[in-house]
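Residue numbers are given in full-length UniProt numbering: position 34 of the sequence shown equals residue 34, and the series is strictly consecutive.
Ideal placement from N, C-alpha and C gives every residue a C-beta, glycine not left out.
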Amino acid sequence: MTTVLVVDDEPQILRALAINLRARHYTVLTAATGADALALAGRHNPDLVVLDLGLPDLDGVEVVRGLRGWTAAPIVILSGRSDSIDKVEALDAGADDYVTKPFSVDELLARLRAVTRRSTPSDALPVVRLGSTTVDLPAHRVTADDEGQARDVRLTPTEWHLLEVLLRHPGKLLTRRQLLAEVWGPGYENADGNLRVYMAQLRRKLEPDPARPRYLLNEPGLGYRFEPQPSP
Numbered sequence: 001m002t003t004v005l006v007v008d009d010e011p012q013i014l015r016a017l018a019i020n021l022r023a024r025h026y027t028v029l030t031a032a033t034g035a036d037a038l039a040l041a042g043r044h045n046p047d048l049v050v051l052d053l054g055l056p057d058l059d060g061v062e063v064v065r066g067l068r069g070w071t072a073a074p075i076v077i078l079s080g081r082s083d084s085i086d087k088v089e090a091l092d093a094g095a096d097d098y099v100t101k102p103f104s105v106d107e108l109l110a111r112l113r114a115v116t117r118r119s120t121p122s123d124a125l126p127v128v129r130l131g132s133t134t135v136d137l138p139a140h141r142v143t144a145d146d147e148g149q150a151r152d153v154r155l156t157p158t159e160w161h162l163l164e165v166l167l168r169h170p171g172k173l174l175t176r177r178q179l180l181a182e183v184w185g186p187g188y189e190n191a192d193g194n195l196r197v198y199m200a201q202l203r204r205k206l207e208p209d210p211a212r213p214r215y216l217l218n219e220p221g222l223g224y225r226f227e228p229q230p231s232p
């Protein structure tokens, strides 16, 4: 079973999450402080971490950095801090997603399922489907199915690079700063306009309905994620 470490200093939340996660066949570890969380993670190597930022001893961002020093396990922040600065700081430190309190348990569980999908090894070079469009990463080719006929979809080098970064992190929320640094390089950290333009172009080429994207999603004020389509 998947082992989840839940870190929160509110006993009611710890208890409620432990009950809900165990009911869905997760193995659950709980901690109320950052120090205990890091110690438990070191002993048990959890598959997934749910982490509050407002801990009594350490800031949650410090815990994220401590975990990221040795583990790639997905980390979902669960916090009452709703300011985008806090969210971006946690995501840039290595968190995979951010859920704001008060929260829906169903939404949190959906986010946990999404971030675990990114456990696909990046060197597997998958073939990814976005509706009727197929992205073949090894072949560096995108094709669309037009009434049974395969049609090549042409992407610019920048569009391809941006798409590839997103596809290699399924379910992971990537901040604008992360995407700009990865695709455009140093000096473009604030070039949000570039990112918006190229994301719009990718949606026009790849999404079934660009106005209501299903795969290339935006988290306002934070960044973008690739949401894989469910397995048949």
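Take VAL61 as the anchor and find which of GLU219, ASP86 and GLY42 has the nearest alpha-carbon. ASP86
Original post:
By DSSP, does ASP104 sit in helix, in strand, or in coil?
Top reply: Per the sequence presented here, residue 104 reads as Ser, with Asp not at that position. Of the three classes helix, strand and coil, the one that applies to SER104 here is coil, per DSSP.
With a CB to CB cut of under 7 angstroms and the five nearest residues on each side skipped, what residues in its chain are close to ARG15?
none
Next item on the list: In angstroms with no decimal places, state the Cα-to-Cα distance between SER82 and GLY66.
Entry: 23 angstroms
Next on the checklist: In this structure, how does DSSP classify LEU173 when only helix, strand and coil are distinguished?
Outcome noted: coil
Thinking LEU51 and ILE77 are a contact (beta carbons under 8 angstroms), I'd like their distance in whole angstroms, please. 6 angstroms
Exercise for the section: Determine, using beta carbons only, whether ALA72 and PRO46 come nearer to each other than 7 angstroms. Expected result: no
For a test of the three-state rule: what should DSSP assign to ASP59, helix, strand or coil? strand
task: Please name the residue, chosen from ARG151, VAL63, LEU108 and GLU107, that lies closest to LEU91 on a Cα-to-Cα basis.
output: VAL63
* To do: Just confirm the distance between the C-beta atoms of ARG156 and VAL142, as a whole number of angstroms; I'd bet it's less than 8 angstroms.
  => Correcting the residue type first, residue 156 is Thr in the shown sequence and not Arg. Actually they are not in contact, since the Cβ atoms of THR156 and VAL142 sit about 12 angstroms apart, beyond 8 angstroms.
Q. Under a three-way DSSP split, which group does ASP209 fall into?
A. coil
Using only CA atoms, which one of PRO228, ASN20 and VAL4 lies nearest to VAL135?
PRO228
| message | Quick test of your reading: LEU202 and LEU216, contact by CB under 8 angstroms. State the CB separation rounded to the nearest angstrom. | response | 6 angstroms
Whose CA, out of LEU48, ALA32 and GLU182, lies closest to the CA of MET1?
LEU48
inquiry  = Looking at the secondary structure, which residues open and close the alpha helix (DSSP H) in which ASP92 lies?
reply    = 84–93
_Tell me the rounded alpha-carbon separation between GLY42 and THR100._
26 angstroms
Review point. Are THR33 and VAL6 touching if we call contact CB-CB under 7 angstroms?
Key: no
Taking buried to mean at least 16 other C-beta atoms within 10 Å of its own C-beta, is ILE75 buried or exposed? buried
Practice task
Can you say whether GLN149 is buried or exposed, counting buried as having 16 or more other CB atoms within 10 angstroms of its CB?
Solution key: exposed
| said: Which residues does DSSP list as the beta-bridge partners of ASP36? | reply: DSSP, once it has assigned bridges, lists no residue as partnering ASP36.
| Thinking just about the alpha-carbon of each residue, which of LEU17, ASP106, LYS172 and LEU53 is nearest to the one in GLU219? | LYS172
For LEU155, three-class secondary structure by DSSP:
coil
Item to check | First and last residue of the uninterrupted beta strand (DSSP E) at ALA31 | outcome: 27–31
Can you tell me whether ASP8 is buried or exposed? The criterion is at least 16 other CB atoms within 10 Å of its CB, across all chains shown. buried
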